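Data block below; observations after.
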Amino acid sequence: MIKVIVFIERGNDGSYGAYVNLNDNRLNYGIFGNGSTVNESIDDFHKTYEEMKALHKELNKDFIEAQFEFRYDVASFLSYYSKKFTLAGLQEITGINQGQLSHYVTGHRKPSTKTVQKIEKSLHDFATEIGQIHFI
Numbered sequence: 031m032i033k034v035i036v037f038i039e040r041g042n043d044g045s046y047g048a049y050v051n052l053n054d055n056r057l058n059y060g061i062f063g064n065g066s067t068v069n070e071s072i073d074d075f076h077k078t079y080e081e082m083k084a085l086h087k088e089l090n091k092d093f094i095e096a097q098f099e100f101r102y103d104v105a106s107f108l109s110y111y112s113k114k115f116t117l118a119g120l121q122e123i124t125g126i127n128q129g130q131l132s133h134y135v136t137g138h139r140k141p142s143t144k145t146v147q148k149i150e151k152s153l154h155d156f157a158t159e160i161g162q163i164h165f166i
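Per the numbering used here, the sequence shown runs over residues 31 to 166.
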């Protein structure tokens, strides 16, 4: 079984897509999932994977099993985790103004590469900090 990166992105129409990098030619098939939420797009992606697997079996073709790692664009991440993190909380974690974060969520603006890296590093640092908590 191979590990494959799946990108989740928010479209201009507000829907979400989950897709395999087309430059990754280790799979002998292509799959895509879409939905009105991140979860719907991931569920549709997994459903498409199972349908492709069944089709390959039906056609007696080899099927490459894969394990998927989902990666988000900033808008999709913020939308997906919006019930778990408030924009005020994310401002505290990342140092980026919640008004600016709101623009990323709605798609009115896209963050620069430098800002994406700052958000990602801040969240990883926060996750490491949280991972070191032990209650007595």
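Note that CB positions come from ideal geometry on N, CA and C, so glycine has one too. Small disclaimer: the values here were computed from a predicted structure and weren't measured.
query: In the structure shown, what three-state DSSP assignment does Y111 receive?; result: coil
query: What does DSSP give as the partner residue(s) for K33 in the beta ladder?; result: Q97
query: Just grab the DSSP bridge partners of F62 for me.; result: Y49
query: The alpha helix (DSSP H) that contains D92, what's its start and end?; result: Counting along the chain, D92 falls outside any alpha helix (DSSP H), and DSSP gives it neither H nor E.
query: Please report the straight-line C-alpha distance between F156 and I123, rounded to a whole angstrom.; result: 7 Å
query: Do S132 and Y46 have their C-beta atoms closer together than 8 Å?; result: no
query: State the CB to CB distance for the pair I61 and Y79, rounded to an integer number of angstroms; the pair is presumed to be in contact (CB under 8 Å).; result: 5 Å
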